[in-house]
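Residue numbers (my numbering): 113 to 220.
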């Protein structure tokens, strides 16, 4: 509603989201790919670039080549957090949890 819109507050995590995305993209792309594989079984991506992060999750630009094709596809997906992130420390904790869960899934 209009009232909800006028009383809403900006997402505090989006203010630091670019720094989180840059760090993950530069140092932890394999972890991002693992999180995608864990949350979206069957979506095998070769490249994953986080484009934005907010309190509810992240948008990731992915690349893949489907098994029946030789043409690379690029598209964005939404990777949700398991809970709302309250601050920068919480974002880090959530991403670590998601990465650890992905590693457990990979072993199974």
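Just so it is clear, CB atoms sit at the ideal spot from N, CA and C, and this is done for glycine as well.
| beta strand (DSSP E) containing residue 164: first to last residue? | Position 52 of the chain shown, counting from 1, holds the residue named residue 164. Per DSSP, residue 164 belongs to the beta strand (DSSP E) from 159-166.
| task | Give me whichever residues DSSP pairs with residue 186 in a beta bridge. | result | What you label residue 186 is simply residue 74 of the chain shown in a count that begins at 1. For residue 186, the beta-bridge partners assigned by DSSP are 175.
| Just the Cα atoms here: how many angstroms apart are residue 183 and residue 219? | If you number the chain shown from 1, residue 183 lands on position 71. If you number the chain shown from 1, residue 219 lands on position 107. Going by the C-alpha atoms only, they are around 30 Å apart.
| request: Taking residue 132 as part of the alpha helix (DSSP H), name the residues at either end of that continuous run. | output: Numbered from 1 along the chain shown, position 20 holds the residue referred to as residue 132. 129-139 is the span of the alpha helix (DSSP H), which, as asked, contains residue 132.
| query | When the Cα of residue 126 is compared with those of 138, 188 and 168, which residue comes out closest? | reply | Taking the chain shown and counting its residues from 1, the one referred to as residue 126 is at position 14. It is 168 whose Cα lies nearest to the Cα of residue 126.
| field | Where residue 191 falls, given that 16 or more other Cβ within 10 Å makes a residue buried | value | By 1-based counting over the chain shown, the position of residue 191 is 79. Residue 191 is buried by the Cβ-count criterion.
| query | By the 10 Å Cβ neighbour count, where 16 or more other Cβ atoms means buried, how is residue 154 classified, buried or exposed? | reply | The residue you call residue 154 lines up with position 42 of the chain shown. Burial call: exposed.
| task | Rounded to whole angstroms, what's the CA-CA distance from residue 200 to residue 175? Just pull it up for me. | result | The residue given as residue 200 occupies position 88 in the chain shown. The residue given as residue 175 occupies position 63 in the chain shown. Their Cα atoms are separated by approximately 28 Å.
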